[in-house]
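Everything below concerns the one structure shown next.
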Amino acid sequence: MLKISVIVFVCLLIAVNVPAYGQEKTHGTAISGGAAAGVDISSIIEQSFRASPDNRRTAFIKKIDEKKWAIIIDGNEGKGYNDLGTPVFSPDSRRFAYGAKSGNKWTVVVNGMEGKQYDLIAVNLITFSPDSTRIAYPAKSGGRWFVVVDDKEGKGYDDIGTLVFSPDSTRVAFNARTGNNWYVVVNGKEGKYHDAIMAGTPVFSPDSRHVAYNAFTGNKVVMVLDEKESKPYDGVGTTIAFSPDGKRVAFNARTGNGWFVILDGKEEMPYDNILRGTPLFSPDSKRLIYGVKSGPRRFMVLDGKEEKHYDLIGTPVFSRDSRQFAYAARKNDTWFVVRNTTEGRPYEEIISASPVFSSDSKRLAYVAQRGGKRLVVIDDEEGKEYDNVIEDSLVFSPDGKHMAYMAQQANKRFAVIDEKEQEESDSTSLPDTGRIVFDPPDTFRYIAVKGSHIFHVIKKIE
């Protein structure tokens, strides 16, 4: 049975009298708790709303007068500023940061503490390390850009691009420009000059030992791995894929009209095109899958072998045990999900960007559309039809026993847990409110909006 253990309003704390949220029974679910209320949501800059990764904290920008804005973090109003960047939470949800402007100067505020002031800060590139202990961002002063890592300023450049920490949080890499030359800087060490560095790179290997990026020189492009260049190509794809063990690397490249995957330095068979988001390694690092276009047909190539041909295909996903893979495919006017080589039920559309496997690799879920209605399919069993299902909301509990998602009917939204609808809340376009988090494994959390109030809903599965 599902039981609400706590319902807490965590964002807006100016108390007024409002009806209690959820004092009823719905679909056999016991509901208890209440809510405090506060500032009307219309005062929020909607696209600035963020929930922490664990769904325990919230932050957003609010206009407080004609010239100033403030960050509301966990219901507490921060200092007013002339301009603000969208707040960012650390991966462990314990820290938050944002760029703030006072007068003509910018600073980064971390957990309420202001850093040094600069002429400009790239607020969209404020980045926490994976272990949440470090923070980095590009800043500009005296006409030069530099990266500030843990309050220490690096060398000045004319421009700075993509900024990324290594998975072990010990290394920082970014793109930098001096004059007409671009290069990648890793922990302060500059790489070879190029005409340009492709957006979205550099990337680190999962073991943090390697760094790769795509670089342009003249009318050619190369993939650079640890400052060693590949053969020059006419074009490359946006995906550089490392195996989870960090020992293998694959990417897409083009010579003339032919696209192919280069795996560990060896070119595979050419095709008309390679599916965006592939190639993809399996979790055990032993298998490689990618989608291709050849003439009018699309199909997957798994470990060098072509799978069945279709009219269209979606991005593939592996199960955690690496024994299964799944993807959406269309044949004629029908869409279905292919699990290994088995085609699932037919639908007018598969909505999910990719199907979702449970952590124990036993279950598979996706969002489908039929007759203009959307439904979740779990292990080929159909759920209830709704006006909409938030596709990115599909999540299995860590033990694989429970499935949760957010559904919408008319102007109402609700969480659905094991096909049991929870209490209604209002439909909203606020970012992060479609996400459900299991933490701990028998408890799930989500953000709900009702009227002019934001609620933090917590439920325990018993």
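In the working numbering, the protein residues as written are 1332 to 1793. Glycine residues also receive a C-beta, built at the ideal position from the N, C-alpha and C atoms. Model, not experiment: these values are computed from the prediction.
1. Does the stretch 1723-1742 come close enough to the stretch 1779-1789 that 3 or more CB-CB pairs lie under 8 Å?
2. Using the Cβ count rule (16 or more neighbours within 10 Å means buried), how would you classify LYS1790?
3. Taking all protein chains shown into account, decide if ALA1431 is buried (16 or more other Cβ within 10 angstroms of its Cβ) or exposed.
4. What do you get for GLY1622, buried or exposed, if any count of 16 or more other CB atoms within 10 angstroms of its CB means buried?
5. May I have the straight-line CA-CA distance separating TYR1468 from GLU1722, to the nearest angstrom?
6. Check the C-beta distance from PRO1537 over to PHE1573 and give it rounded, since I have them as a contact under 8 Å.
7. Of all the beta strand (DSSP E) runs that stay within the bounds of the stretch 1404-1435, which reach a length of 3 or more residues?
8. Are ALA1390 and PHE1427 close, meaning C-beta to C-beta below 7 Å?
9. One question on the structure: do THR1532 and TYR1514 come within less than 7 Å of each other, judged by their Cβ atoms?
10. Give the range of the beta strand (DSSP E) segment to which LEU1494 is assigned.
11. With a threshold of 8 Å on Cβ separation, who are the neighbours of PRO1350 within its own chain once the five nearest residues in sequence on each side are excluded?
12. Out of ARG1585, VAL1668, ILE1452, PRO1614, point me to the one whose CA is closest to ASP1603's CA.
13. Secondary structure at VAL1347, three-state DSSP: helix, strand or coil?
14. Leaving out five residues on either side along the sequence, give the residues of the same chain with a beta carbon under 7 Å from the beta carbon of THR1509.
15. Might you give, ordered along the chain, the residues of its own chain that have their beta carbon closer than 6 Å to the beta carbon of VAL1440, omitting 5 neighbours on each side?
16. Quick check for students: name the residue ranges of the beta strand (DSSP E) that lie wholly in the stretch 1543-1583, counting only runs of 3 or more.
17. To the nearest angstrom, how far is it from the Cα of GLY1608 to the Cα of GLY1411?
18. Give me the DSSP bridge partner(s) of ASP1757.
19. Assess, as a yes-or-no matter, whether the stretch 1454-1470 is touched by the stretch 1512-1526 under the definition of 3 or more beta carbon pairs within less than 8 Å.
20. What are the boundary residues of the beta strand (DSSP E) that includes GLU1377?
21. Hey, quick one: how far does the beta strand (DSSP E) through ILE1721 stretch, first residue to last?
22. Do you know how far the Cα of LEU1761 is from the Cα of GLN1753?
23. Thinking C-beta only, is ARG1465 closer than 7 Å to SER1424?
24. Out of GLY1589, ILE1403, PRO1729, which has the shortest C-alpha to C-alpha gap to GLY1626?
25. Are GLY1731 and SER1690 close, meaning C-beta to C-beta below 7 Å?
26. Please report the distance separating the alpha-carbon of ILE1709 from that of SER1613.
27. Report the residue from GLU1637, ASP1652, MET1631, SER1653 whose alpha carbon sits nearest the alpha carbon of ALA1794.
28. Which first and last residues belong to the beta strand (DSSP E) in which LEU1706 is found?
Taking the structure as given:
1. Because the criterion of three Cβ pairs below 8 Å is not met, the stretch 1779-1789 and the stretch 1723-1742 do not touch.
2. buried
3. Of the residues assessed, ALA1431 falls on the buried side of the cut-off, its CB having 16 or more other CB atoms within 10 angstroms.
4. buried
5. 32 Å
6. 6 Å
7. The qualifying runs are 1427-1433.
8. yes
9. no
10. 1490-1496
11. Because PRO1350 sits at a pLDDT of 30, beneath the cut-off of 50, its placement in the model cannot be relied upon, and the following sentence gives the value as read from the coordinates. Residues of the same chain with a CB within less than 8 Å of the CB of PRO1350, apart from the 5 flanking positions on each side, do not exist.
12. ARG1585
13. Since pLDDT at VAL1347 reaches only 27, below the 50 mark, its modelled position is unreliable, and no value is offered.
14. Cβ within range, chain order: TYR1488, ASP1489.
15. TYR1429, ALA1431
16. 1551-1556, 1566-1573
17. 41 Å
18. LYS1743
19. no
20. 1375-1382
21. Looking at the DSSP string, ILE1721 is not in any beta strand (DSSP E), and its letter there is neither H nor E.
22. 19 Å
23. No, Cβ-Cβ distance for SER1424 and ARG1465 is not below 7 Å.
24. GLY1589
25. yes
26. 22 Å
27. Here the chain comprises residues numbered 1332 to 1793, so residue 1794 is not present and cannot be evaluated.
28. 1704-1709
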